[in-house]
Amino acid sequence: MKRLALILVLLASRLNAATVTHEIITADSGNTPNTSGAFTPALNDLLVVCAVGSVTGAATATMVSSVGGFTFTQILNVPYAADVNMMYCFVSNALVSSATSQTVEFAPQGDIANGSVIAVEAVAGITRTGLNAILQNANQANQAASTTPAPSFASSALTGNPTIGFVANNSNPAGLTGPSGWTEAGDTGYTLPTTGAEIVFRNSGFTGTTITWGSTSATVFGSIILEIDTSSPPSCNHALTLLGAGCS
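Going by this note's numbering, 668 is the number at position 177 of the sequence shown; the sequence numbering is gapless.
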């Protein structure tokens, strides 16, 4: 009986394993709004998009898919380079319902950016969407040159949860060595103004708080880390919903 229970637990863990796929990273030196290159996510993927905009102080930005009705919510914004440049991350409000070629458009609101890098990651094997898919996030703002990116979560990550990291600086490309155990998905940039960004991810196995990059940044930088929540959302109790309690 104990062996059967163990087998069932192992099978469940495999069925629930989440994986990250890097879709595309696009650098554009033109003024925003800017559009990513085309990519085709898989059915039921959750999309996570991180972007940097240079010479903007906009606290909010939009990320819009070329597929009608597919929307994103901004997770956070992080300034660097004395608040002159801004980083953002977004999460899709639904899972991909059609494996269709698409692009995403990035636009800071109220203050255009003079260039951008847009990185698109797809997460398979989860059921949560929107901000409910992000268990926790952390960042470093306005970090000095010649120091190492090392953002730290408030709580230890869960071993089965994917983690995504994003660093932007004033180099082209960003020119960083990713954290040991993470996959460097993209490292690119542009000039006028010189800006670079790197995106990394890890599917599982991280149980710490601080994610430390493998090198210093030659220029001022900011960093963002995200932990994806692979747990199943609680089921909705219809009776409680009718009483106004709702469900989350």
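Built from N, CA and C at the ideal position, the CB exists for glycine as well.
Looking at residue i: is its Cβ nearer than 9 Å to the Cβ of residue j?
i, j, result
"T547", "A585", "no"
"G593", "Y579", "The sequence given here places Gln at residue 593; Gly does not occur at that position. Not closer than 9 Å, so no."
"V711", "N661", "yes"
"V595", "L649", "no"
"T707", "A636", "yes"
"G616", "T531", "no"
"V653", "R693", "Per the sequence presented here, residue 653 reads as Pro, with Val not at that position. Taking 9 Å as the Cβ cut-off, P653 and R693 qualify as a contacting pair."
"Q627", "L567", "no"
"T701", "A659", "no"
"M577", "G544", "yes"
"L667", "G705", "yes"
Helix, strand or coil: which one does DSSP assign to residue i?
i, result
"N623", "helix"
"N568", "strand"
"A659", "strand"
"A632", "strand"
"Q593", "strand"
"V558", "coil"
"D574", "coil"
"S583", "strand"
"S637", "coil"
"I609", "strand"
"A496", "Only weak support is given to the placement of A496: the predicted model assigns it a pLDDT of 42, under 50, and the question is left unresolved by the model."
"T654", "strand"
"F644", "coil"
"A604", "coil"
In its own chain, which residues sit with a C-beta less than 6 Å from the C-beta of residue i, not counting the 5 before and 5 after it?
i, result
"S657", "Ser is not the amino acid found at residue 657; the sequence shown has Phe there. Correct list, in chain order: C541, I690 and I715."
"T526", "T594 and E596"
"F563", "M554, F581 and S583"
"T512", "A613"
Pop quiz: residue i and residue j are said to be a contact at Cβ under 8 Å. What is the actual Cβ separation, rounded to whole angstroms?
i, j, result
"V587", "L534", "6 Å"
"G528", "G606", "About 15 Å separates the two Cβ atoms, so there is no contact after all."
"T591", "V558", "6 Å"
"A629", "A645", "7 Å"
"P599", "A549", "3 Å"
"G651", "S695", "5 Å"
"Y571", "G713", "3 Å"
Taking 7 Å as the limit between beta carbons, can you name the residues of its chain near residue i, skipping five residues before and five after?
i, result
"T703", "T639, A641 and P670"
"V575", "V546"
"A503", "With a pLDDT of 43 at A503, under the threshold of 50, the predicted position of this residue should be treated as unreliable, though the coordinate-derived value follows. Hits under 7 Å: none found."
"E741", "The structure shown does not extend to residue 741, since the chain is modelled only from 492 through 739, so no value can be given for it."
"E675", "G669, E689 and V691"
"P724", "T618, R619 and N623"
"P524", "E596, F597 and A598"
"L683", "S520"
What does a CB cutoff of less than 8 Å around residue i pick up in its chain, not counting 5 residues either side in sequence?
i, result
"A573", "N633 and V711"
"D519", "N525, T526, G606, S607, V608, I609 and Y681"
"T698", "S647, A648, L649 and T650"
"L499", "With a pLDDT of only 37 at L499, under the threshold of 50, the placement of this residue in the model should not be trusted, and no figure is reported."
"A709", "A636, S637, N660, S662 and G666"
"G551", "Residue identity differs from the one stated: residue 551 is Thr in this sequence, not Gly. Cβ within range, chain order: Q565, N568, P599, Q600 and G601."
Between residue i and the ligand FAD, is the CB less than 8 Å from at least one heavy atom?
i, result
"A635", "The ligand FAD is not part of this structure, which contains no ligands at all."
*Curious, which full-length alpha helix (DSSP H) runs of at least 4 residues does the segment 660-735 contain?*
729-733
*List in chain order: all unbroken beta strand (DSSP E) runs of 3+ residues lying wholly within the segment 499-554.*
510-519 and 537-544
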